[in-house]
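One structure below.
Numbering (the working numbering), first residue to last: 179 to 826.
In structure tokens, the structure reads:
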């Protein structure tokens, strides 16, 4: 085995990085600041293992999110690891790894569902079962004035915490749940009883092969199987002959993932381990993530690791390091040779902020150098005004972490209502465009396709076939809306849709401005569709922003909707080449960009003052290399700007 350092392309490793790259030790934890190139350093450690003779298939790298998986692959290719070798490396999320292990250990893969709406009927049945069990000792504790479907969002959020923290696994299996015990666990009695009934339903009456798995269930089910002894470290599904096990973004590991990690280490005792993380980047606390799993829990349950630091930013300047250090409350260092311009921009309104960002993007796109500009947003609805201004200036752009606003179902709903009400098919000339319109109408109306010819198909396939046939022409689309969508819609949804179309038929700008949102009532419409209230609120925000754009154009109702159609067509013609993008902060984690703009840093716009929101801003600010621009209303700046010593 060679101890000659792997020579990366494009970078010169620092002394800290080189120490991590070359260290031979069983257990190694890397305490890193944001911008200290932790993912690149992990890539260097993997490349060193390959140079020493490790086969690619014996290297396992785990992380908590798909973007982090992609980021590590990009870093490996960027430092000179051949792309063919990168593809052979096993780089996975904990969830994907766990699902694969379970499929091998249990002989088959369970059905995976991805949408909260797919999980909703199981949660509703769980509530109803919990409230009707004949041997229930505390029935009064289960009574509530809310309808079961109104409890689904809150329960699924609670279930994420229960799974991630594995709260009930330490209890005696014979111990009965009581109100006092539920309170001790931090949840209401109804939540804990509904959880038990939900798990019973999810398993479909078979403890080994669940009927389905939802987000987080893979890691949770594998962790439970490990704790129960159903799967142990000697199982072939875990003994994979690994030589190196890595974890990136280890600060976002929860108890379920940590349990899986412990088993993998035990099953592969000859493998070295390297985990890297930054305790100030925990943004998944809602699923039980905590930095302790790379600190005290690791020492107590796995063993004492060697700890090496990554303290110096290789991304941004000492000035920016001081500000993010103040925000995080810890010392920070940076290479003195790095320069990052920090610009504070006063934008009293979201429209002024959007115009400013669009001008910045236009100037950036006209530069000769292939530099990257990312606008990092707290909420997807904040992109509407920005995208509109970008399209007005003809600036190509991408979106990451959310769909372009003209493709969102709620936007297609509003545009489709105008098209149907006013018999104006502009923007819906192709079958694909009309199919997207019908999908949006079916979603928000609550209507279901009911056809004798399609009853041998499942509901999703039946809708796909019916929509495809109905989208063949504008006439068949309108007929389908009248005969199926409106006729079989939820009664309240039908009233809202018809009221909104009545406003649109007037083609009167004043009526549209004053009455359209009240007639449609987007929040009520979306609340019947989406499990999570956050999703319903996003629909309201998106439609509200769309309405404001249409009114501000002062082109009349017809002019506004034809403008949307023209902009949609223009957007499809533009090619961004990844120069300019609007992104959620979560999707930017682990990445870096030449110029980062974080708008709406004003009270009531960026978010609350929670630790998780603070961590999101910390992540956003530390993505910048050459320039960081922060915009806010000077009359109501976010408290985080003061905490970061950016304003007095």
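Backbone N, C-alpha and C define an ideal beta-carbon position, used for all residues, glycine too.
Note the first and the last residue of the continuous beta strand (DSSP E) segment covering residue i.
i, result
"residue 427", "Residue 427 -> no beta strand (DSSP E), and no H or E assigned at all."
"residue 829", "The requested residue 829 does not occur in the structure, where the chain is confined to residues 179 to 826."
"residue 810", "802-810"
"residue 209", "205-210"
"residue 404", "Unbroken run through residue 404 is the alpha helix (DSSP H), 395-406; no beta strand (DSSP E)."
"residue 554", "551-555"
Based on Cα-Cα distance, which residue from the options lies nearest to residue i?
i, options, result
"residue 787", "774, 797, 758, 818", "818"
"residue 525", "533, 518, 335", "533"
"residue 257", "433, 189, 328, 324", "189"
"residue 424", "296, 203, 727", "203"
"residue 284", "415, 726, 263, 713", "415"
"residue 563", "680, 659, 729", "729"
"residue 820", "225, 756, 460, 781", "781"
"residue 606", "654, 266, 621", "654"
"residue 760", "700, 750, 568, 437", "568"
"residue 514", "536, 675, 498", "498"
"residue 551", "558, 537, 559, 560", "537"
"residue 847", "326, 315, 380", "Any answer about residue 847 is impossible in this case: the structure gives the chain only from 179 up to 826."
"residue 301", "753, 591, 336, 518", "336"
"residue 319", "367, 275, 326, 295", "367"
"residue 334", "309, 322, 348, 374", "374"
In the structure shown, what three-state DSSP assignment does residue i receive?
i, result
"residue 791", "helix"
"residue 220", "helix"
"residue 662", "helix"
"residue 485", "strand"
"residue 257", "coil"
"residue 193", "helix"
"residue 761", "strand"
"residue 515", "coil"
"residue 737", "helix"
"residue 619", "helix"
"residue 491", "strand"
"residue 752", "coil"
"residue 577", "strand"
"residue 696", "helix"
"residue 744", "helix"
"residue 825", "coil"
"residue 767", "coil"
"residue 708", "coil"
"residue 605", "coil"
"residue 796", "helix"
"residue 544", "coil"
"residue 529", "helix"
Assuming residue i is part of the alpha helix (DSSP H), what are its boundary residues?
i, result
"residue 587", "587-600"
"residue 362", "357-363"
"residue 722", "711-730"
"residue 321", "Segment: none, residue 321 is in no alpha helix (DSSP H) and carries neither H nor E."
"residue 182", "Taken as a continuous stretch (DSSP letters only), residue 182 belongs to no alpha helix (DSSP H), as it is neither H nor E."
"residue 369", "367-380"
"residue 328", "326-343"
"residue 472", "No alpha helix (DSSP H) contains residue 472, which DSSP labels as neither H nor E."
"residue 436", "433-445"
"residue 496", "496-506"
"residue 309", "First-last for residue 309: undefined, no H or E at that position."
"residue 566", "561-571"
"residue 669", "669-683"
List the residues that DSSP assigns as beta-bridge partners of residue i.
i, result
"residue 269", "239"
"residue 815", "780"
"residue 422", "237, 450"
"residue 391", "290"
"residue 774", "552, 806"
"residue 455", "209"
Give a yes or no on whether the minimum CB-CB distance between residue i and chain C is below 8 Å.
i, result
"residue 395", "The chain inventory of the structure shown lacks chain C, comprising one protein chain alone."
Indicate, with yes or no, if the ligand SAH has a heavy atom lying under 7 Å from the CB of residue i.
i, result
"residue 527", "You won't find the ligand SAH in this model; it holds no ligand whatsoever."
At least 3 beta-carbon pairs within less than 8 Å: the region 227-242 vs the region 429-445: yes
Contact between the region 597-613 and the region 693-712 (3+ Cβ pairs under 8 Å): With a cut-off of 8 Å, the region 693-712 and the region 597-613 do not count as touching, because too few Cβ pairs lie within range.
Touching by the beta-carbon criterion (3+ pairs, under 8 Å), the region 512-524 and the region 802-818: yes
Contact between the region 427-434 and the region 455-474 (3+ Cβ pairs under 8 Å): Contact between the region 427-434 and the region 455-474 is present, because at least three Cβ pairs lie under 8 Å.
Contact the region 338-353 vs the region 397-406: 3+ CB pairs below 8 Å: Per the Cβ contact rule, the region 338-353 is in contact with the region 397-406 (3 or more Cβ pairs under 8 Å).
Segment contact flag, the region 217-226 with the region 244-251, C-beta cutoff 8 Å, min 3 pairs: yes
Contact the region 700-717 vs the region 647-667: 3+ CB pairs below 8 Å: Between the region 700-717 and the region 647-667, the count of C-beta pairs closer than 8 Å stays below three; the two stretches do not touch.
Touching by the beta-carbon criterion (3+ pairs, under 8 Å), the region 211-220 and the region 447-458: yes
The region 757-777 contacting the region 473-481, beta-carbon criterion three pairs below 8 Å: Look at the beta carbons and you see the region 757-777 not touching the region 473-481: under three pairs across the two are nearer than 8 Å.
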